[in-house]
Structures are given as C-alpha cells and as structure tokens.
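Read through the structure below, which is laid out as structure tokens, and then see the notes.
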Amino acid sequence: MDDIDAMFSDMMQEMDLLTQSFEAETESAPLPKPPSIPAPQEMNFSIGFTDLNASLHDLEDNDLDALMADLVADISATEEKFATERDTFKGSAPVAQIPSQPQSNFNLIASTDTSRPATSSNSIAAPPPPPTSKPSKEELEEQMKADKIKLALEKLKEAKVKKLVVKVEITDGSSKTLMVDERQTVRDVMDNLFEKTHCDCNVDWSVCETNPDLQTERAFEDHENLVEPLSTWTRDTENKVLFQEKKDKYEVFRNPQNFYMWKKDKKSLKDMKDKDKEQLLESSCLVLHFWVQENFCGASVIVPDLEGILYLKEDGKKSWRQRYFLLRASGLYYSPKGKTKASRDLVCLVQFDNVNVYYCKEYRIKYKAPTDHCFILKHPQIQKESQYIKYLCCDDVWSMTLWVTGIRIAKYGKQLYDNYKAAVRKAAGSATWANRTIQTSSNASTPSPTPKAKAANGHASHPAVETKGPGNQTSFPPPPPPSMEILPPQPPDPMLPPPLPAPSSTTKVNKFPPPPQFPQSSIPPPPTDDLPPPPPPPEDAEQPPDFLPPPPTSMTSYGGAALPPPPPEPLASLPPPPPAPQNFASAGGAPPPPPPPPPPPAPAPAAYQPTNSVRKVAPSPPQRTTPQLAAPSGGDFMSELMTAMQKKRSQP
Amino acid sequence: MAAWDLTVTVEDLGPDAPPLQISVTSDLHIGGVILKLVEQTNLKRDWSDHALWWEQKQQWLLRTGWTLDKCGVHADARLIFTPQHKPLRLGLPNGATLKMRACFSSPVFRTVMGICRVLNLRHPEELSLLRPVEEKKKKKDKDSSEELYDLTDVPLTAGSVQALYNGMPAHFADSPKTEAVYKMLSVSLPSPAPEAIAKLYRPASIVDKTHIHTRWLDSSRSLMQQGIQENDKLGLRFKYYTFHDMDPKYDAVRLTQLYEQARWAILLEDIDCTEEEMMLFGALQYHIGKQSLSQDMVSSCQGMDDLESALKSLEVKMVGDGNSTDMLDNMTAPELNDHLKIFRPKRLTLKGYKQYWCKFQETSISYYKSKEDRYGEPIQQLNLKGCEVAPDVNVAGQKFCIKLLIPAPEGMNEIYLRCENEKQYSQWMAACKLASKGLTLLDSSYQSEVQNIQTFLSMQRSSSAAPTSQTDESINTHSLVSPRYQKKYKPKQLTPRILEAYQNIAQLSLTSAILKFLQIWQALPDFGISYFMVRFKGSRKDEVLGIANNRLIRIDLGVGDVVKTWRYSNMRQWNVNWDIRQVAIEFDGNINIAFGCVNADCKVVHEYIGGYIFMSTRARQQSDTLNEELSEHKTATHREKKNIPEATNGGN
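Here it is as structure tokens:
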C-alpha cells in the first residue's frame, strides 16, 4: 500500500514538473509558442512552414488569433476535464464508478434540454445508485486510488498526443491555419474547415496533399488520419495541403453504372443518347440504389471488373511499356505476353496493402509518358522519385478516373461507402439547417436582431477572417477565470457537444455541427440565400432520423433512446432552450459582451463532461460554463498565454 | 357400391411378404384404407409416419380425406405402404457423409428445410440437394467403408427454435455420438492429403462445370418422385451464392460448411484464382485448421466473440485496477537486445553481413558497433512503422533472415537482419511484424506471434517428411493449394510463400479467419456463377450461360470470353415454354432472349433465376421465419408463364 502511495506521489510530482516546464517554456519564449509542446519528447513541427517560429511569424494576425483560440480551447478543455473529473471523484466519491457516470450525466443533458429545471435538479440531487452493501473502508481507498491512477494515466495520454499546425490552402488562394490533433480523422478536420470557411458542405470537398517533386496529388480519404501522413513528410518539404472540391471523390456512388458498366457504356453510347432523358435519369436512380446495395452492402465489396491496356514505366528505365492490366480485389495484375487472361497466368504488379494511389501531373514532360493521364502507386512515405514507385499511364482522363477509383474501392472497400454516407449526411444536414435557419430568422421575432445584423455585416466585410472570440480578446485584460465564458471559440473538434444553445434565438441553430452558414442565416430576412440547399441525396429519406434534430454526437453515443422525443413540428424539433443564454456573443460574433448573462446553473458542467470511458479519443469541448471549476493551474496557464498574446500585440 | 380388392405392399412386413389384399369401395377415403391396412397387418407399432405411394403414377396419396375415386385409384393400382421419412446418405460440403432421416414425400424444398433444421443451418433456402457424381470405378464399392456419421436416431423436430445445451442444439447433446456429429458439422475438418485432392474429380473446363449443375434435384417434387431410394447418396450444397444475414453467433454450422464448400471449390479449381490469392487462401486454411484444432469446440464456434469481448473488458478492467507497478510497466516498453548480422544491399558493394549490437525498442531498431557502445549514439536507428517485413528462411540451411523494406522519402531502404537460430529469429521477426503495424513489444499479441512463427518454422522442417494429413503441429503445404500449384512448386518453395501471406493473417481469430476466407472468395471475379450449356434461339452452336446472383452472362464456349451480360434489375419477365423446353426472357428496352438447355433440365435454369430473384427480395423481410409460400411460388411452380414485376422491383 505504502509503496503504491509513494509511487503515485512520484507520478504526481513528475506531472507537476512537466506542467512547470511547460509553463516556463511559454514564458521564456519570445513569441507565444503554441502550447502544444507540453511533452518534451513530442515531435512537433508545422506543415506549410519551414519551422515553427517562421510559421508563427508568417501567420496573419487573425490566423494567429484563430490558432490561439484553438489552443486555448483545447487546453482549457483538457484542464477542465480533469478538474471536473477530479471534482466528481471527490463529490460523488468512492462509489462513483466510471461506467455509472455517463448515465447520470446524460440524465442531466436530457433534462436540461427539455428545459425542466426541476427535473434537472432532481437528477442532480439523485446520487448514483448506492451500492447494495456498503463497501469497506479499504475498498473505498482502493477505489479512490484506482481513480487517481486512471486520471494520471489519462493526463499522460493527453500530454502525449501529437499535434500539428497545418496550413491549408483553399482554392480561392487564401489559406487557413489550424491545429490538427493526431486523433482527428480527415472528416473531423474537414468539419473544422467547413466551419472556418463557410462553404457549402457538399460531399466533394476533400483535403488533398500535393507533392511538387513527384507532381502528384491525392485526396485523403475521410477516415484517414491526417497527422500520420503529414508527419512523414521531410522537413524541407514543399508539399502542400489543399482544401478543394474533387468531383471524382464519390462519383462512384452517384453514378455507379459508369464505373461498373464501363464496358457497356462504350458500346451502347448511342443507344443511351436515343433514350428519353427523363427515363434515363429515373432508371439511373434505380440503378444507383441497386448498385450501391449490391456492391457495397455485402460482406465483401465487389470491385469493378476493370481491364485494359495501360502503359507501365519500366523499372529504372525511361521507356513505357504497354501491358494488359486487370484489377482484382487482391491487387493490380497484368497478363504477360503470350498468355491467356486466365487468373492462373496473371502476374501481380502490386498489392494494395502498403501503397496509395496518386494522380500525377504533366508526366509527358517529366517522364516522357505517352499521355498526361498518369497515376502512380507508392508507399505514402516515399516522397521522391524511386524505383519502388509504380508509374502507370492511361489513354484518357476517363480511364484514369476509372482505374484510380477502382483501386480505391479495392483498397478501402466498404469504408469508402461509409465515408460517403457520412459525407452525405453532413451535406444534407447543412442544407436542411440552412433552410431551417432562413425560415426561422424570417418569421421569428428574435430578441436582439440589431446586434446580430451588425455582426453579420462584420462578417460580410471580410468573410475569410475568423472574427470569433479571441479576435476580440485584445480589448480584455488578462482574463480572470469567469470571463472565460465568452472566450473559447468553437471546439477544434466540431463533433463534440456544442455549447449550450441560447434561448429562442435563431443563432442557436448554428451551434450545432453544421454551423458554417450562420453569417448568412443571421442576416435578417433575405430569402435569396446564396446557399441553395443541395438536392437531398437519395438516401435522404432514411437519414433524417439520424441527425435531425442534430444532437451532439457525444449525446447520441450515450444512446439515442434517452433523448427527448422530438416534437412533430419542425421548428419545435430544435432543442428547447436551456436556461443560460451566456454564449450569445461568441455565437453571434458581436464584439461587445452580451448584456447580463448570469453564470449558468452550477451543475451544468458536470453534465457536459464527457467521461473518459465514453470519449477517450477526443479532446473535451471548451467549457464555457465552468470557469469556476477550472483547475488553478489551468487558469494560471491561460492567463500566461493571454499575457503573451498581449505582449506580442504591443510589441510592434 | 361394389367392393373391390386393392393390392397394397406393406414394406414393414419384409421384402418377401406377399402384398395384402384389402376389400374397399370407391368412396372409401385414404385414411380408411390405411386403417384397414393396419388392422390387417396385426402389427402393433407407430404407423403415423406411413403413407401410401402409388408406384405406377409415381405419386404419394397424402390427402387422407380424399376418396379412392377422387384420387383415381382403381383395382389395377399397386400401392405401397411405406414410411415418409427414410434414411439418406448425405454428402456434406465438407466432404463427410452423414446418414440421417429425410422426408421423402414432401417437395425437396421442404425436405431441405427439415434437414437444415436438424443440422442447425439457418436460411435453408440457400441450399439444395444434388445427385453425386457417378463413381467411375465399380470395384471401389468395397472401399466405401468411409467414416459415416449417423444421425438417423435423432427425431425431426417441428420447432424451429432450438434450445441450446452445452453450446449446441439440444438434440445433439444426447450422446457422444451425436456430439461428434455436431463437432464435425461446426468445426472445419483438417486438410486432406494432397493425393486425396489430386484424386478427386476436378472440372477441367467450363464444359465440365456445366455438368455440375445438371445434377440439382427439382425442388418442387419429392425425393421419391425423383427416383431417390432409401439410403441413396445425395449431396447437400449451398446452391445460391447469396448469403443472407450471416451471424457467427448463430451460424457456426452454416459458416463452417460454407467455408468448406468454398475451400473445396478452390482446391478443386472449381473457381480460378491468381497465385497471390492462392497463397493467401493456403495461409488462411492453415490458420483455420490450426485454430480449429487448438480451440475447444464450444468456444471456437459459439462463444468466440463473446469470449473476445469478455477478454477485452477484462483488459480494460485490469488497466483500471492495475496497481502502480503495472502502470510503470506500461510506460517503459520491453526491449530486445542481441547481436545480429546486418546487411544493407547497395549497388557496387560486395560487403556481406556484418555483426552489430542491436536494440529493439518501441517500434525501432537501433544498432551499435558493439555491445560496449550501446549507451552512445547508435550507428543508425530504423523506425519500422509502416515497413514491409518478409521472411527469408531456410530451416534446412539454418538461414534465418528477415528482409525489411523500410519506407523513406527517397524510396525503400532494404535491410537484411540475419539471426543465429530459430528462437532469436522468431522473437525478432515477431517484433518487426508488430512494429510494422505500429505496435510495440508490449502488445498482447507478441507472444502468440512468436509462437506462430515457431510453429511455422517447424512446419517447414517437417514438410519434406512423408505426406500426412494435418496433425496438431505439422502440415504439408501441398494440401493447402490446388493440384496446379502442387505441380508448380515443391513444398520447399511453397512454404515460404504461404508463410509470407500467413504473416498478415496470423492474428485473426478463427471466426474472422473464416470470414476473411469467404470474403476473398466472394471477391474473386468468377465467384458465384453457375454455368449451363445452352443453345440460344437462332444460334447454331452451343454456348454457356452463366447465372449469378445479379446477372446472366453469355459466354463463348470456344474462347471463354463473356459475350454479353444481362442484369436482373432490367428484367421484365421470363417464361418457360415447357413443350419445347425453352426459356424466354424479356429485358427493358425490348431485349428478348430465348434459349434451350442442352444438358440440364430447363427446370433447373428456371429455378435458378427465380431463386436469385427471390433471394434479392429477402433483404427487406427481416423476419426470421422464411416466407415459404413466396419462395415456393418463385422457385418451384410449374406455371407456364410468370410475370415478375414485384420481383424486379425488389431487385432495385
């Protein structure tokens, strides 16, 4: 027992040291270094810049603000998470077993959502079900210890998380800088970008990587992790991360017949033209559903039976050689000269486990390729010309698209379809919300339309600029903990529970996962919104129950059954107003702090704390409602950061 | 009404007993006939399963309420009084023969349902019975003392829901004998000796494949009507290649038998695959065979997933409860330290292996000039995450090399590690394998990985020994591949290749290995196509029609190329002209095809198409109880013409 105690206190000391060194670092730094360097062993560099300092110098002020906001939110979230956790451990003490927590927390959420404070207080008052027999004192201690250890482990894990500062270029020439956590998928990053760029959330948006050395481009798949591939780039890389629409990303699901019946298409192109257009559309809709069902819903995915002549660059030579290639689920094969196309005679060029497929540009000049429609297969870590890269060349763009898509299907299988469904849901969600907000903003008499209009105008004047929270922070003194309420911006991970919705305001809508359109929607009436809702995808009919009303994902993870049943009429299906309107300003982006917001009911934070047993992988959301509960160290650290910010501002 | 004598043979009186003559009138109903008959035999026994079979007309008189007149029975009729359920020798997909009682009086479709109920196979509509291949050698009759499993004593229960006892349906738990039968059904059998595979009939061409499908029984007529006698042998196989609602929890037998059918299809070259695919199939068979042997039957089939999840939660609990020593262990990963010989092939160097002191830590190998230098800077550190690991082993030559292809921005770094002995090799190999997946030595799979490698090495050691079927440890790799590859490669060459493929799947559990096998099988381009020799209307030569679960394929007999594909989704209707035995199908866009079957009954083709269309409607009706009426309607009626609008819609 004693040595365990000793060890634990050692651990705690260690951690304190860690935190101190971390603070010291921030203080001594001439610039407010992103505090994502808490663990010394952590590798950290930024993408799109030569080094971290340069990257910070290079940043636009507003970029820096946004970045700072991310960091602050992140840190405070983490700190508070532990603070509250510790709190819960003390409060509900020994019997508060981890699994029981989400349960009670969820009760809280549900009850606040239905705006029945009485119930909520009831459920707060109700402690977790008492155990049938009182545990002995030793057991209690044991339990406490276990909890503490768990907490310490969690903290360590948190400190180890690798983060990257990534500069993402957008098609209009601008760029966004954001921090990406190693646990975030490309989907998460894109959601973040949607929020920052206010573009429509259609399914074609992709995060792509380009490599100027190899002249390649590849769209990351939505389920991929972003930090991992970026970490393997060389330090002096000129690779870029782009955020753009790629039409062929999910084309296979919209027009599967083009990919699966490509042979037929060529032959019966004329017949197709003769057909009545409407009929074609109708039948292709049917075909769509049919195909997708047939090819992606089984246990195994059916890969399009692609075959045909491609040019293969010979190993280590400059020449390109024609070969008859066949795509199979197990890899890319070619049939050697003089042999049949029978399976047994095929030669495997490459299997897909360790390689990715990349589009190439201008290989006619670079490698004397027969055409410019080339793609390569290589291990993601290879960044320069190498004999381990397979170079392939197609006759035309369409066949290149066919092959690349086919290879993606063979490589990722059903995952690709799952990604697509998620993307469609996201796009449909944003469209529906756009519609809904227009409706509500035009007919609802919102409490304070004028400041909101102002805010909207502000956005319109410089749309690319992130004017949320931290942008206005310079006017504040180093914030005392309570004012934190309005500071933290959107959580870096938008899948996390959003802040408490403001009461009866239309903007509350925007705080839910698809928020980018809120500047437009909060302009009072104009019905001619520049966001025409994309036509709902075919699956639409089945989807809505999944995301309308969009609850925070962490809530759904507790089990949808406990959610309050959405009332029938559409307006009412918005989550009912919670008691505290405190985050009004941060949502609207209005510079002056909102009139009076009283601190929210104290127990709320507990309700919003995702416990580690539920969401271990994502940073917890910014806790607008729990400043009082923030750990002292967290508060100190925050003010340090703020001072640093101010210093920087006042320097020039 | 005049009485007349009816001649009835009662089988139970013995083969030599003369037929009984009973005096009946034409208005006596069948039940009355049976009553008189039983009275006359003076035998006290259970007659409830007996019924009258009219030999000349090849039909059962099952309606006891009908009069003789209504049935058309006159004095010249010779009836046989015989049990409806008779023993049948059933050839299972796994090659075993099972003797069991089956219903000889109901349509084969129902008979199969009854059989499947006893065998605990869900979704009997996917299976059917077929006549076995005629055995060529008559003298083999003596040799037919094959091991026979007997289930004839097990009563056919009516209830569809089976109570589980000891992890198996209650009716199997009666005796050790029946338990052995269940084990045979639910656990895959050991690999056969290569000679046995080579001796079995293999279709050599697509024409041979068409013969297989001529043997299916008509599912709308009874076994008796199709000339099947008591104790005849029939094959039970999955007929329709669309496997609905596969759930390892309930489908132990189904999954195993399906795996066996797939395995034999591959071993007997029923379906073609590439060399790479064959190696993977071989590795999976080896793995499945090993797992099946090592695992307790119950846990291997039923509780597998439960067990795994239980283990998982236990692990989590351990982390939570873990005392601080555990925690510290968690933070410092174990290392491997040893002398290894390293060789880096470079151009224009003849340098061979050189000895270094190597340290394996986390996912990296660092090597030093000597053991004394180990605290200094390593000569090089290799991070193995994402690398390719390949064995280069020759047990006979005592060569244990690990070939590493480590990705780097410039390409792949090729490095060979040479180990001294098996033990060292298996440890380092396992570590490399895990590291390539980003796992450290800490991972729980490390020990099992080491063991797997050792087993495989011992397999290579014994591979030159006399060919035997799979025992606990050793195995002949020739029994894992089809005769084509048996001829192409010696076991010595084959083993390293299978070993290579095995590396990637060694960590799968039994169930997931089986699922993986099925998945790869289903992804083969020729999967699930049943071939029939047909002659299209207006054509002068025989062609092959392939029937798959979603399409019909016209195949040129000479070249083997696909000429045309029609999809069921475009099908409007199909008709059978029973007089000229011609199937006519109409597709969208006024496409009409008609063909007659050359070697099969066109009823079989008719049933196949109808069956697949019925199967495609299943996805919607989630009810477990099969809509039998519908199925029979689709598959087994003799109507001259059939419209299938609802079926085609279902396909969409």
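Those protein sequence lines, which keep their order, are chains C and W. With full-length UniProt numbering applied, the first sequence corresponds to residues 1 to 652, in that order. With full-length UniProt numbering applied, the second sequence corresponds to residues 1 to 652, in that order. Backbone N, C-alpha and C fix where the C-beta goes; we use that ideal spot for every residue, glycine too. Please read all numbers here as calculations on a predicted model, not as lab measurements.
- Using a CB distance cut-off of 8 angstroms, T210(W) does not count as an interface residue toward chain C.
- Contact note: C273(W) reaches chain C through S343, using a C-beta cutoff of 7 angstroms and chain order.
- Across the structure, I302(C) and K163(C) are spaced so that their CA atoms are roughly 37 angstroms apart.
- Neighbours of M412(W) across chain C, judged by C-beta separation under 8 angstroms: H379, I382, S386 and Y388.
- At a cut-off of 8 angstroms between beta-carbon atoms, I520(W) makes contact with chain C.
- Two segments are said to touch when three or more pairs of C-beta atoms, one from each, lie closer than 8 angstroms; by this definition the stretch 169-182 of chain W does not touch the stretch 68-87 of chain W.
- Nearest CB-CB separation between V303(C) and chain W: below the 8 angstroms threshold.
- Inter-segment contact for the stretch 393-411 of chain C and the stretch 341-358 of chain C is present: three or more beta-carbon pairs are separated by less than 8 angstroms.
- By the neighbour-count definition (other C-beta atoms within 10 Å, threshold 16), P391(W) is a buried residue.
- Considering only beta carbons, no part of the stretch 411-426 of chain C lies closer than 8 angstroms to chain W.
- Shown here for A430(W): same chain residues with a beta carbon closer than 7 angstroms to its own, the five before and five after excluded, namely Y446, E449, V450 and I453 in chain order.
- Excluding its 5 nearest sequence neighbours in each direction, Q427(W) has C-beta neighbours in its own chain below 7 angstroms: L336 and V450, listed in chain order.
- Contact between K603(W) and D218(W) holds, with the beta-carbon distance rounding to 6 angstroms and staying under 8 angstroms.
- Contact between R551(W) and W566(W) is confirmed by a C-beta separation of about 6 angstroms, below the 8 angstroms threshold.
- In the structure shown, T152(W) adopts coil according to DSSP, grouped into three states.
- Between the stretch 240-258 of chain C and the stretch 199-208 of chain C there are three or more C-beta pairs closer than 8 angstroms, enough to call the two in contact.
- At least 8 angstroms separates the CB of Q184(C) from every CB of chain W.
- When secondary structure is reduced to three states using DSSP, K399(W) falls in the strand class.
- Counting C-beta pairs with one atom in each stretch, the stretch 94-104 of chain W and the stretch 244-252 of chain W have fewer than three that are closer than 8 angstroms, which means they do not touch.
- Using a Cβ-Cβ cut-off of 8 angstroms, R535(W) does not count as an interface residue toward chain C, since no Cβ of chain C sits closer than that to its own.
- Going by C-alpha positions, D76(W) is about 10 angstroms away from Q56(W).
- As the crow flies, the alpha-carbon of E586(W) is around 54 angstroms from that of W4(W).
- If only complete runs of 3 or more residues are kept, the stretch 529-597 of chain W shows the beta strand (DSSP E) at 530-536, 543-547, 551-555, 562-567, 571-577, 582-587 and 591-597, in order along the chain.
- When only Cα atoms are considered, D601(W) and Y241(W) end up about 20 angstroms apart.
- Exposure of N231(W) is indicated by the presence of fewer than 16 other C-beta atoms within 10 angstroms of its C-beta.
- With respect to L255(W), I514(W) sits close: the two C-beta atoms are nearer than 8 angstroms.
- Burial state of Y375(W) is exposed, judged by a 10 Å Cβ sphere holding fewer than 16 other Cβ atoms.
- Taking the C-beta atoms as reference points, V168(C) is found nearer than 8 angstroms to L178(C).
- Chain-order list of chain W residues neighbouring A428(C): empty, with the shortest C-beta distance near 22 angstroms, by a criterion of under 7 angstroms.
- The count of Cβ pairs closer than 8 angstroms, one atom from the stretch 524-531 of chain W and one from the stretch 206-216 of chain W, reaches three, so the stretches are in contact.
- Around the Cβ of N120(W), a 10 Å sphere holds 16 or more other Cβ atoms; the residue is buried.
- The three-state reading of DSSP puts G411(W) in strand, counting E and B together.
- DSSP places M400(C) inside the alpha helix (DSSP H), whose first and last residues are V397 to Y412.
- Annotated three-state conformation of T617(W) is helix, per DSSP.
- Between the alpha carbons of H606(W) and V24(W) lies a distance of about 42 angstroms.
- Ranked by Cα distance from Y368(W), the first of A283(W), E377(W) and Q361(W) is E377(W).
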